[in-house]
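Trainee: Note that my numbering has the sequence shown beginning at 191, numbered continuously upward.
Even glycine gets a Cβ: it sits at the ideal position worked out from N, Cα and C.
Have a look at this one before I ask anything.
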Amino acid sequence: MPLLDSFTVDHTIMPAPAVRKAKVMKTPCGDDITVFDLRFYKPNKDKMDGRGIHTLEHLFAGFMREHLNSKSVEIIDISPMGCRTGFYMSVIGTPDEKKVAKAWKKSMEDVLKVKSKKDIPELNVYQCGTYKMHSLKNAKKIASDILSHKIGVMDNEKLKLSKKKLKEINKSCS
Numbered sequence: 191m192p193l194l195d196s197f198t199v200d201h202t203i204m205p206a207p208a209v210r211k212a213k214v215m216k217t218p219c220g221d222d223i224t225v226f227d228l229r230f231y232k233p234n235k236d237k238m239d240g241r242g243i244h245t246l247e248h249l250f251a252g253f254m255r256e257h258l259n260s261k262s263v264e265i266i267d268i269s270p271m272g273c274r275t276g277f278y279m280s281v282i283g284t285p286d287e288k289k290v291a292k293a294w295k296k297s298m299e300d301v302l303k304v305k306s307k308k309d310i311p312e313l314n315v316y317q318c319g320t321y322k323m324h325s326l327k328n329a330k331k332i333a334s335d336i337l338s339h340k341i342g343v344m345d346n347e348k349l350k351l352s353k354k355k356l357k358e359i360n361k362s363c364s
């Protein structure tokens with residue numbers, strides 16, 4: 191099985207909260223698609239709870255679009271990571287990490303302003319696959335956690351696992 195890009199970075203030294211430009215790809219028509227790692231919590235140290243991350247997913251997707259989309263940038267998707275330490279965001283365009291961090295911060299401020307469960311978009315049996323699994327309180331805690339820190343920018347070169355280290359890891363895990 192091919193090694194995915196996200197598994198070539200050292201999660202033991204990954205800072206959080208922080209933005210990482212994970213990948214830039216070209217479409218057949220020449221458009222840039224940029225994938226960002228929006229790391230909310232340090233891997234293997236802390237994680238978002240299921241209800242909070244689910245509610246945040248509903249809110250974050252809309253708020254980030256309000257703050258980041260422009261003539262040159264359009265968000266395709268924002269999805270939670272399986273490890274629950276962050277989200278992946280795919281965009282058409284190449285916004286810099288500082289611009290993404292600024293939009294992320296504004297989005298977390300917006301989450302704190304949501305007054306009630308009724309204000310969570312698409313929270314119903316028709317538009318949500320697990321509509322009973324939500325917590326606005328927990329989503330607000332996550333947002334508060336992010337806002338209590340400066341959102342950094344990750345350096346891929348500093349995080350990159352060497353080929354030698356990847357071989358060592360694979361040998362020790364087999």
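Quick one: grab the DSSP three-state call for Val263.
Mentor: DSSP places Val263 in the coil class of the three-state scheme, outside both helix and strand.
Trainee: Would Pro207 pass as a contact of Ile341 if the rule is Cβ separation under 8 angstroms?
Mentor: yes
Trainee: Alpha carbon to alpha carbon, what distance is there between Arg274 and Val240?
Mentor: With the sequence shown as reference, residue 240 is identified as Gly, and Val is not the correct amino acid for it. Their Cα atoms are separated by approximately 8 angstroms.
Trainee: Starting from Val214 and walking both ways along the beta strand (DSSP E), at which residues does that stretch end?
Mentor: First-last of the beta strand (DSSP E) with Val214: 208 to 216.
Trainee: Can you tell which of Asp309, Asp345, Val209 has its C-alpha closest to the C-alpha of Pro285?
Mentor: Val209
Trainee: Give the DSSP-derived three-state secondary structure of Pro192 in the structure shown.
Mentor: With a pLDDT of only 43 at Pro192, under the threshold of 50, the placement of this residue in the model should not be trusted, and no figure is reported.
Trainee: Tell me the residue span of the alpha helix (DSSP H) that contains Ile336.
Mentor: 326 to 337
Trainee: CB-CB under 8 angstroms to Pro192, same chain, minus the five flanking residues each way: which ones, in chain order?
Mentor: Summary for Pro192: the model assigns pLDDT 43, below 50, so the residue's position carries little reliability; its value from the coordinates is reported in the next sentence. Excluding sequence neighbours, Pro192 sits near nothing in its chain.
Trainee: Excluding the 5 residues preceding and the 5 following Leu349 in the sequence, name in chain order all residues of the same chain whose CB lies nearer than 8 angstroms to its CB.
Mentor: Val199, Asp200, Ile203, Met204, Arg210
Trainee: In the region 230 to 311, which residue ranges form an unbroken beta strand (DSSP E) of at least 3 residues, counting only runs that do not cross its ends?
Mentor: 264 to 270, 276 to 282
Trainee: By Cβ distance below 7 angstroms, which residues in the same chain neighbour Lys237 in space, the five residues on each side in sequence not counted?
Mentor: Tyr231, Cys273, Arg274, Thr275
Trainee: Under 8 angstroms, do Leu228 and Ala329 count as touching if we go by C-beta distance?
Mentor: no
Trainee: At a cut of 8 angstroms, does the region 304 to 315 reach the region 254 to 274 through at least three beta carbon pairs?
Mentor: no
Trainee: In the structure shown, what three-state DSSP assignment does Cys348 receive?
Mentor: Checking the sequence shown, residue 348 turns out to be Lys, not Cys. Three-state result, Lys348: helix.
Trainee: Just the C-alpha distance for Gly220 and Lys296, rounded to the nearest angstrom, thanks.
Mentor: 31 angstroms
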